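**Student:**
Residue numbers (my numbering): 1 to 520.
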């Protein structure tokens, strides 16, 4: 058998990092308290601080918040919480620059629309044109995660250093279907808020926003009120991570079945390389059987190499596994590991893949994709109150594949992508909005490659059907058994337009290509 490589380098930090322990037996989950989350409710977050607050939590505050986290275990039908090693937290200007920032501004009552494009003069909330610290992504959040915003949200922005303003842009308002399942520890944390989809606007330093409720009509004589606590979130992604120096020599180690199961890799102790920050070391460790510890990219494998890798799993080996595609790790796109909850959450298997579009718009370049991801990540955690990035994977318009929620790309990581159907599934978000724009062929091909490999690890046929049990959504009641395609669109699980009509039409091609890559 071919031995897979992991990095083993000399001690360059004050202390060694202990990697995650094997998962405990399944048991009833412990509820997360608001204090058991990262410092999401810092002065930059909704409900606290002055309107222009954007102050980051200090390293001490972040460390205290992380220390408040306790390991949880999942029930037999859902998530398995596994404690991550808690490395020491470090500050520094470089870390702060990579982390980005969020400005959270409370909306104010509006009189009449200032622009005809806003439609009839209906009472609403918003902000007049104003200057802000530079930002690149916007969204609107509100207090109650169960409340829906029935109406329109539009923004226009001013490019940094410019005097001209953009046209009004629509923000997708129905984002509740992208969330942790009802009754889950993540949903019950007390930190989750209602939110629109985030919109990528590029480097900007001026903003104006208008939020209008649905207008009254004969069937609905009273317009639905807007949710309480509306706030505008302006997110700056921070700088791209600097290229890391070589991590030194590697030594061979045979992968175990745990590398592909819902549990972390076996107990190990390894030194933290100087090039690998303490904050990201434990996250990198769960991928260490696939790439050197701290790697920015998990390399692609040929089909023969993938099959040999899977054969090491012995009894768990599956006959149909597509070649492993190249995957940019969280370290590769610059995820700030201090933002998320420090525990990983797993389910038992990956029986299906739900394809989404991020609804962030198509005005980004592939070089900007890491910045888009960092912005979405910050919006999901700091603004929406989720434990981590919602999707398991992301794909950009050039076909690059990115690791999403932390916990290991080969493992059954519990996401927050498809309300009611996060258990035993994976979520793939294609960056962009594909309601009226065709997705690039490279992006569809990437979805095929990713699903051929990941679904193959768990024995799923991309052209097949699967029966899933709903955890409760706007389309299916809790407990209802639903038969779906193994590769489905978000709209198959929830009453939503996601992943956009144009991308949804390409899923048949993705299923066929994915199955072919598996050798079916």
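Glycine is no exception: its CB is placed at the ideal position from the N, C-alpha and C atoms. Computed from a predicted model, the values in this text were never measured in an experiment.
Using the C-alpha atoms, what's the distance from residue 426 back to residue 399?
**Tutor:** Straight-line Cα distance between these residues: approximately 18 Å.
**Student:** Identify whether residue 476 lies in helix, strand or coil by the three-state DSSP scheme.
**Tutor:** It is coil, neither helix nor strand.
**Student:** I need the DSSP call for residue 329, collapsed to helix, strand or coil.
**Tutor:** In the structure shown, residue 329 sits in coil (DSSP, three-state: anything other than H, G, I, E or B).
**Student:** Find out if the Cβ-Cβ distance for the pair residue 511, residue 462 is shorter than 8 Å.
**Tutor:** Yes. Within cutoff.
**Student:** Since I believe residue 143 is in contact with residue 538 (beta carbons under 8 Å), could you give me their beta-carbon distance rounded to a whole number of angstroms?
**Tutor:** Since the first residue shown for the chain is 1 and the last is 520, residue 538 is missing from the structure and cannot be characterised.
**Student:** Answer yes or no: do residue 446 and residue 401 have a C-beta to C-beta separation smaller than 8 Å?
**Tutor:** Yes, these two residues count as a Cβ contact at 8 Å.
**Student:** In three-state DSSP terms, what is residue 486?
**Tutor:** In this structure, residue 486 counts as coil in the three-state DSSP scheme.
**Student:** Would you mind listing the alpha helix (DSSP H) stretches within the segment 419-461 that are 4+ residues and don't spill past its ends, in chain order?
**Tutor:** Here the runs fully enclosed are 441-457.
**Student:** Quick one: does the C-beta of residue 407 sit closer than 7 Å to a heavy atom of the ligand HEM?
**Tutor:** With respect to the ligand HEM, the structure offers nothing, as it holds no ligand at all.
**Student:** Whole angstroms are fine: how far does the CA of residue 456 sit from the CA of residue 322?
**Tutor:** If you take the alpha carbons of residue 322 and residue 456, they lie about 6 Å apart.
**Student:** Output needed for residue 526: all residues of its chain with C-beta closer than 8 Å, excluding positions within five of it in sequence on either side, in chain order.
**Tutor:** As displayed, the chain neither begins before 1 nor continues past 520, which places residue 526 out of reach and without an answer.
**Student:** Which residue marks the beginning of the alpha helix (DSSP H) containing residue 364, and which one marks its end?
**Tutor:** Note, residue 364: premise wrong, no alpha helix (DSSP H); not H, not E.
**Student:** Quick check on residue 208: buried or exposed, where buried means 16 or more other Cβ atoms within 10 Å of its Cβ?
**Tutor:** When all chains shown are included, residue 208 counts as buried.
**Student:** Can you have a look at residue 39 and say buried or exposed, based on whether 16 or more other CB atoms are within 10 angstroms of its CB?
**Tutor:** Confidence at residue 39 is low in this model, with a pLDDT of 39, below 50, so its placement is unreliable and no value can be given for it.
**Student:** Flag this pair as yes or no: are the beta carbons of residue 132 and residue 238 separated by less than 8 Å?
**Tutor:** No.
**Student:** Assuming residue 465 contacts residue 485 (C-beta within less than 8 Å), just tell me the rounded distance between them.
**Tutor:** Indeed, because the Cβ distance is near 6 Å, the residues count as touching under 8 Å.
**Student:** Could you check the C-alpha separation between residue 413 and residue 344 for me, to the nearest Å?
**Tutor:** Distance between the alpha carbons of residue 413 and residue 344 is about 8 Å.
**Student:** Leaving out five residues on either side along the sequence, give the residues of the same chain with a beta carbon under 8 Å from the beta carbon of residue 475.
**Tutor:** Closer than 8 Å at Cβ, skipping near neighbours: 420, 493, 494, 495.
**Student:** Terminal residues of the continuous beta strand (DSSP E) containing residue 353?
**Tutor:** Per DSSP, residue 353 belongs to the beta strand (DSSP E) from 352-357.
**Student:** With three or more beta-carbon pairs closer than 8 Å as the criterion, would you say the segment 374-390 touches the segment 339-359?
**Tutor:** They touch, by the three-pair rule.
**Student:** Beta-carbon separation of residue 196 and residue 153 under 8 Å?
**Tutor:** Yes. Within cutoff.
**Student:** Helix, strand or coil: how does DSSP classify residue 373 here?
**Tutor:** It is helical.
**Student:** Spatial neighbours of residue 351 within its chain, please: C-beta separation below 8 Å, excluding the five flanking residues on both sides.
**Tutor:** Cβ neighbours of residue 351 beyond the five flanking positions: 424, 425, 458, 460, 466, 468, 486.
**Student:** Can you check whether the CB of residue 149 is closer than 8 Å to the CB of residue 126?
**Tutor:** Contact flag unset, no.
**Student:** Check for me: the beta strand (DSSP E) holding residue 397 runs from which residue to which?
**Tutor:** Residue 397 -> no beta strand (DSSP E), and no H or E assigned at all.
**Student:** Can you give me the Cβ contacts of residue 371 inside the same chain, cut-off strictly under 6 Å, excluding the 5 residues immediately before and after it?
**Tutor:** Once the five neighbours on either side are set aside, the close Cβ partners of residue 371 are 237.
**Student:** State the start and end residues of the unbroken alpha helix (DSSP H) segment that holds residue 516.
**Tutor:** That run of the alpha helix (DSSP H) goes 507-518.
**Student:** Out of 129, 357, 280, 332, which has the shortest C-alpha to C-alpha gap to residue 443?
**Tutor:** Closest option to residue 443, Cα to Cα, is 357.
**Student:** Use the C-beta contact count for residue 157: other C-beta atoms within 10 angstroms, 16 or more gives buried, fewer gives exposed.
**Tutor:** The residue in question, residue 157, is buried, as its Cβ has 16 or more Cβ neighbours within 10 Å.
**Student:** Pick from 432, 360, 346: whose alpha carbon is nearest that of residue 405?
**Tutor:** That would be 346, whose Cα lies nearest to the Cα of residue 405.
**Student:** To which residues of the same chain is residue 147 closer than 7 Å at the C-beta, ignoring the five residues directly before and after it?
**Tutor:** Hits under 7 Å: 194, 227.
**Student:** Buried or exposed: residue 383, going by 16 or more other Cβ atoms within 10 Å of its Cβ?
**Tutor:** So residue 383 counts as buried.
**Student:** For residue 319, count neighbouring C-beta atoms within 10 Å of its own C-beta (all shown protein chains included) and say buried if the count is 16 or more, exposed if not.
**Tutor:** Result: exposed.
**Student:** Where does residue 466 fall in DSSP's three states?
**Tutor:** Note: residue 466 maps to strand in three-state DSSP.
**Student:** Applying the criterion that 16 or more other CB atoms from any shown protein chain within 10 Å of the CB defines a buried residue, is residue 164 buried or exposed?
**Tutor:** Per the 10 Å Cβ criterion, exposed.
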